[in-house]
Each structure stands twice: as C-alpha cells, then as structure tokens.
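Below is one structure; the comments refer to it alone.
Residue numbers (our numbering): 6 to 142.
Quick look at the structure:
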C-alpha cells in the first residue's frame, strides 16, 4: 500500500538524533500493535488505559476536539489514508470543503487515496447511500 506520508524526512531526523525514545499513544486494547523493539515506549498500554478512559480523561481537562468525537470513531488528520470508511463518510458529510480538498490532492498524486477505490468512487457511493437513506425515511 502506498501512503501519502513522506517517510524520508522522518527517517533522516531519526538517524541524526540517536539514541531516542519514541512514545506511541496506543490504548490498552491496541496492545497487539506494539513493536518489541528498542526505542519504542507505550505508556497507555503500560498503565492499562483504554481508549474510553483516555477520552474521558481528556474531556475532564477541557479537551473536546470541537465535538469531532461526536462524528468520528477516531480523530486523526483529515487527510489520512489509513482512516476507516466510516470516518471518510463523516468527512464527506460534515466537512465537504475538506472532502473537496482531498479530491484535489488525489488528482495531483500519481497514487489513489485508498488501495481499492478512488475518492471519486467513494463520493458516488456516499451519495447513493444518502439517497437510499432519504428514500427509506
């Protein structure tokens, strides 16, 4: 899978600043994702903090991400190719200006945004789903 991420700069920074510890914010229920290598630290897993507990902790301290967790399962970069279809549909539905920017970005790239389909195909799919939903009301 080709990501839109640029790893060259990241690898260069890491090579220039060794040794270092990279802190990763995986929640306790994501512990199967950890890498058993030197240089990685997973404090939420070490402390057995679930996604729900982490979100509650943040809300209690005034971090609410502008209500985004009411629309999304997870909040990350709006242009992340790793996000779920549900999150892409939420972007399409609630933030059409960002959806259009994403389509423009895909047009400028030699790769499509997702492996299995283009954003134009998703746009059509989401429109059909919404039309079907409206008809079923």
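Every residue gets a Cβ at the ideal spot worked out from N, C-alpha and C, and that includes glycine.
Which of helix, strand or coil DSSP assigns to residue 82
coil
Proximity below 8 Å, CB of residue 96 to CB of residue 83
yes
Counting C-beta neighbours from all protein chains within 10 Å, is the total for residue 127 16 or more, i.e. buried, or is it exposed?
buried
By DSSP, does residue 88 sit in helix, in strand, or in coil?
coil
Of the listed residues 107, 72 and 100, nearest to residue 85 (C-alpha basis)
107
Where does the unbroken alpha helix (DSSP H) through residue 49 begin, and where does it stop?
48-51
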